[in-house]
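Protein chains in written order, with our numbering: chain A, 2 to 506; chain B, 627 to 1144.
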Amino acid sequence: MTAQDYWALSPVIAMAGLALILLSADALLAERMFGGKRYGSKRALSWIAVIGLIAPALLALNLWFGWVGEATSEAVLYGTFTADRFALFFQFIIIGATAAVILGSVPYLQQFRDSLGEFFTLLLTAAAGMMLLVGASELITIYVALETTALPAIALAALRRDGFSIEAAAKFLILSALSTALLLFGLVFLYGYTGATRIDEIVARMATLPFEAGVPFGSLAVMLAVLLIVAGFGFKMAIAPWHMWVPDVYQGAPTPVAAFLSVASKASAFAVLMRILYAMAEFDPVANDWQILFALIATASMTVGNLLALSQTNMKRLLAYSTIAQAGYIMVGFAAVEAASATGTATAGPQSIMYYLAGYAFTNLAVFLGFAAIIHRTNDDSIAGLSGLIKRSPVLAVLISIGLLSLLGMPPTVGFMSKAVIFSTAVDQGLIWLAVVAVVNTVIAAYYYLRIVGLILFGQAQENQKIQPTTSEMTAVAAGVVGAIIFGVVPWLLLQPINDSITIV
Amino acid sequence: MTEFNGILTLTVFLPALASLIIMLAKPLQLEDRLIRWFAILSTVATFILSMIVFLAYDRDAGGVQFIDHIAWLSAETIKSSYLLGVDGLSAPLVLLTGLLGMAAAFASRNIQLRVSEYFIWLLLLEAAVMGVFVSLDLLLFFVFFEFEVIPMFMLISLWGSGRPRYSAMKFVLYTLAGGAFMFVGIFAVYLTGAVDTLTMVAVPQLGIVGIADQIAGVDLIAPASLIFAFFLVAFAVKLPVWPLHNWLPDAHTDAPTAVSVMLAGVLLKMAGYGMIRINIGLFQETNGFTVHDAAGILSVVAAISVVYGAIVTIRQTDMKRLIAYSSVSHMGFVLLGLTAIGGSNAAIQTGGVNGAALQMFTHGTITGLAFLMVGLAYDRTHTRHIPHLGGLWRRMPVIGIFFFIAGFASLGLPALSGFVSEIMVFLNSFPVWPWAASISAFGVVLAAGYVLWMIQRTFFGAKPPDGGIPDDKFDELTDAEPLDLIPIIALTIPIFVIGIWPKVIVDVFNIGIEEVLR
């Protein structure tokens, strides 16, 4: 390994190291403090974790700006890992989401006082796996990284140890195993067809192989590979028809864990799928057929997510369906590929996806963590329980309302801007019907988002007891909302770094 | 190129800034009275600014003036800029928004429930509407057009009466559903190969050609008729046009008085403005389909709106609902005026569109005044049910007089503004669509019916013996207070001025409309 290899991996190593540090710190703190005040000292773990996250963030910034190491499209470690700006962009999202989740769950974690160390270790290990995943450029590395993210996430879902939580984890485990199996099948087909596991080699060999006319994707092997890979990642991205586990897991898992899954897990799966597919996008048969595939998936995901969300009575299940719908909107961006582009803008699709994902990360974290703060205190995760929230916790109520309006896509939030960008790519491809389906879906979504906003702002409070979130929770939620507004009003703040990071096309 | 005049940005964002100040001052627990007067003064300042814009608009130079321009969004598939400016078409509507915003704020001075929140939303509403009229960039136009639903949702939901949450949600879903199609339409226009800007009109100062010119004679990315329909649906919902008008009576009936004034006065005008600016402005020379092809169908829809709206109005028993339905009928005249675009004579086209634009302006002041008067009467009688009212004139002659003025203007009495705009619409639509215009003329007859009959039943005759207001309460009814007269007179002046000297508005509209029609 050269020095550049180490620098390229440094943010991931730092994240994994931090997980180990917390594991040890947990043991040390537990050793010293017996008896009643154990949580008091364990609370320090949260701060160690948050402050420790500065290390991977700084190392990633170092690569981004090229202070010591350098972000290159050149893969390191025998071509298995690429620390390009594309990977770094998603690493920032993952680090930010991890920090927000930890900040937003400090009081929530009191109930896990016996397994606090496990919580942080699992969370940070999953984050390290995701950071590896977004840069992985070789099939086996992708698989290993994916498992590194999945297994800790399953354990996290079971952390509450009640019926719902165990059920959620069991479902998550089985479906995760199933999806990984599908993914492996897909990767095997790709390997069998091209004889290579490195993405750049796969692409190089595909260029020499003949495409069959009349067969989708130019070859049955490629078709199976693409379909199975999409299905495998479909579980992680929570898109229909692979969405069944999402509401159960989000409902059963601790709310901050659901927040983490809905943002970081999703973003990393989207990133790696983009990396694989955009590498193959230069082959016209692949790109053309892929457009139809993703258009259909997007339609299914948006429609299923929004229609099922309408009738939910549980807040966490509603948010789960809302994330399924949001993933559907992102899929619209996948349907925009270079080959069929009307204006010849090859980067339009990735740009729109990354903008949407970044905006979604801010908004969704704010909403999830806001609700986590409430649910933790009221022990009531029904929608009716939110009635009159403005009287019980005015600031939180306003922040959550703005977050919901951003998820709905109201100007001037980032939710609106990113929808404008991502739907325009569909029209650019001549997929006007898809854009129409998408906007009609946003109207359906308006009903359930606004119903909650209405309930929060105008409903009668069932109890008058105030809900007083701590500063750390407020910081996490407010940071998300401020991001959602700033990146909506001044889009170029986000689009500029995104344009620098579209290194995969 | 960046050019920044600043006056329009100030006009749009002054109310928003005021609402931000109220929001930030909330922890100080200021007195409600202070907040009220602060909000009212900020709308007065906005009105003065809008007056300055209207008067300072250089009529000899024409074109787009007072430009504020900053590049804003530059994604691969959509590049938008913050571009504000007024031309002859929007200048009077800016004035109308300033006027009604001020009237609405004055009319809200008796709000007691959550005062600071109420004014936050009312001011944001004014800012959004103002933004719609001065945005020259399609996406920015859409941003303001969409944003306006949030303040409306809040204002109707919390401060409304009847079934406010239901009505608010209905309003929002109708508007968003229409807007959703416009959203796709915007992309389709922008992504058409020959178009490289989202600026609707030519802005020579910035070297921008404008979509209207770029789109002429080229094939659009999708059939032009489809894109035209996408925009039309959004505005037809908002105008509203039969059969998409269903949200309007509910929203109006349940909204608080000031919000009804804003809704009827300026929100509906955003749709008429959008039709002129986009449906007519952009689709005159597109390949395969132009607005002229749609004029025939639209004239039929307009005639149905006018007559159907009027017939339904007659049988209403709620005063507010009655005026709401009369809006459907009167906004039908706007659409009828626009269908003159199907004619071959340039003078008739211009005249028709001009009539429609003037009808928007006059309807804004007339219906705004009518809602104000209903609101004042309701505040006192606590009922709007017409059979329960009667003989109010004896107790509240001042309210009665201005209700009369609004009513007469609404039915088109000569020397009041409604007459001028309706006669312009008829004169110019008749040569093009004689049947539709003739049938619509019955709308005026019916208007006389419902206006006079309502006034007769509520203000004259005897108090109904049962079901109405108890005798002791009736004798305690009071007339309008001096402060109520400020918004009333502010809305009455334009009714007389335009009725007697329409040139003051028509000439300005004419400049803008001649530029829109090419």
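A virtual CB, placed ideally from N, CA and C, is assigned to each residue, including glycine.
| Item | Value |
| --- | --- |
| Chain-ordered chain A contacts of valine 769(B) [CB-CB under 8 Å] | Pro412, Pro413 and Phe417 |
| Bridge-paired residues (DSSP) for leucine 380(A) | Residue identity differs from the one stated: residue 380(A) is asparagine in this sequence, not leucine. Its beta-bridge partners do not exist; DSSP assigns none. |
| DSSP three-state assignment for isoleucine 906(B), whether helix, strand or coil | helix |
| Near-chain B residues of the segment 447-465 of chain A (beta-carbon distance less than 9 Å), N- to C-terminal order | Ala447, Tyr448, Leu451, Arg452, Val454, Gly455, Leu458 and Phe459 |
| Unbroken beta strand (DSSP E) run spanning threonine 327(A), endpoints | Before going further, note that residue 327(A) is glutamine rather than threonine in the sequence given. It is not in any beta strand (DSSP E) - glutamine 327(A) instead sits in the alpha helix (DSSP H) that spans 316-335. |
| Nearest candidate by alpha-carbon position, reference threonine 126(A), set Phe212(A), Ile200(A), Phe261(A) and Ile167(A) | Phe261(A) |
| Backbone secondary structure at isoleucine 1081(B) - three-state DSSP | helix |
| Alpha carbon of valine 231(A) to alpha carbon of isoleucine 200(A), nearest angstrom | 16 Å |
| Rounded C-alpha distance that separates leucine 54(A) from glycine 136(A) | 19 Å |
| DSSP three-state assignment for arginine 199(A), whether helix, strand or coil | strand |
| Range of the contiguous alpha helix (DSSP H) that encloses serine 955(B) | 945-964 |
| Counted within 10 angstroms of its Cβ, other Cβ atoms place phenylalanine 615(B) as buried (16 or more) or exposed | No information on residue 615(B) is available, as it lies outside the stretch 627 to 1144 that chain B covers here. |
| Run of the beta strand (DSSP E) containing histidine 878(B), from where it starts to where it stops | From DSSP, histidine 878(B) is part of no beta strand (DSSP E) but of the alpha helix (DSSP H) over 873-880. |
| Chain A contact for isoleucine 847(B) (CB, 9 Å cutoff) | yes |
| Listed by chain order, chain B residues near proline 257(A) by CB distance under 8 Å | Here the premise fails: no neighbours, minimum Cβ distance about 29 Å. |
| Rounded Cβ spacing between isoleucine 457(A) and serine 402(A) (contact assumed at less than 8 Å) | 6 Å |
| Inside the segment 137-203 of chain A only - beta strand (DSSP E) runs reaching at least 3 residues | none |
| Length of the line joining the Cα atoms of aspartate 1101(B) and phenylalanine 630(B) | 58 Å |
| Supposed close pair valine 415(A), glycine 489(A) - CB separation, criterion 8 Å | 4 Å |
| Cβ-heavy atom distance, isoleucine 453(A) to the ligand ADP, below 8 Å | Ligands displayed in this structure: none; no statement on the ligand ADP is therefore possible. |
| Near-chain A residues of the segment 782-799 of chain B (beta-carbon distance less than 9 Å), N- to C-terminal order | Ser783, Leu784, Pro790, Arg791, Ala794, Met795, Val798 and Leu799 |
| Runs of beta strand (DSSP E) lying entirely within the segment 684-762 of chain B, each at least 3 residues, in chain order | 691-700 and 705-712 |
| Residues that glutamate 772(B) contacts on chain A, provided the C-beta gap is smaller than 7 Å | Met411 and Pro412 |
| Contact with chain B by tryptophan 65(A), beta-carbon distance below 9 Å | no |
| Continuous alpha helix (DSSP H) stretch holding valine 815(B): start and end | 790-816 |
| Stretch pair the segment 748-755 of chain B + the segment 1010-1018 of chain B: three plus CB contacts closer than 8 Å | no |
| Contact with chain A by leucine 826(B), beta-carbon distance below 9 Å | Residue identity check: residue 826(B) is methionine in the sequence provided, not leucine. Methionine 826(B) does not count as touching chain A. |
| Residue range of the alpha helix (DSSP H) that includes histidine 1011(B) | Looking at the DSSP string, histidine 1011(B) is not in any alpha helix (DSSP H), and its letter there is neither H nor E. |
| Any C-beta of chain B under 9 Å from that of leucine 496(A) | yes |
| Under 9 Å between C-beta atoms of alanine 337(A) and glycine 329(A) | no |
| Chain A contact residues for glutamate 702(B), given Cβ-Cβ distances below 7 Å | Thr346, Thr348, Ala349 and Gln352 |
| Under 9 Å between C-beta atoms of alanine 794(B) and isoleucine 812(B) | no |
| Contacting residues, own chain, Cβ-Cβ under 6 Å from tyrosine 645(B) (five flanking each side not counted) | Correcting the residue identity first, residue 645(B) is serine in this sequence and not tyrosine. Cβ neighbours of serine 645(B) beyond the five flanking positions: Ile746, Leu749 and Leu750. |
| As assigned by DSSP and simplified to three states, the class of glutamate 629(B) | strand |
| Residues bridged to isoleucine 834(B) (per DSSP) | Val829(B) |
| Strand pairing of phenylalanine 82(A), partner residues [DSSP] | Val77(A) and Ala137(A) |
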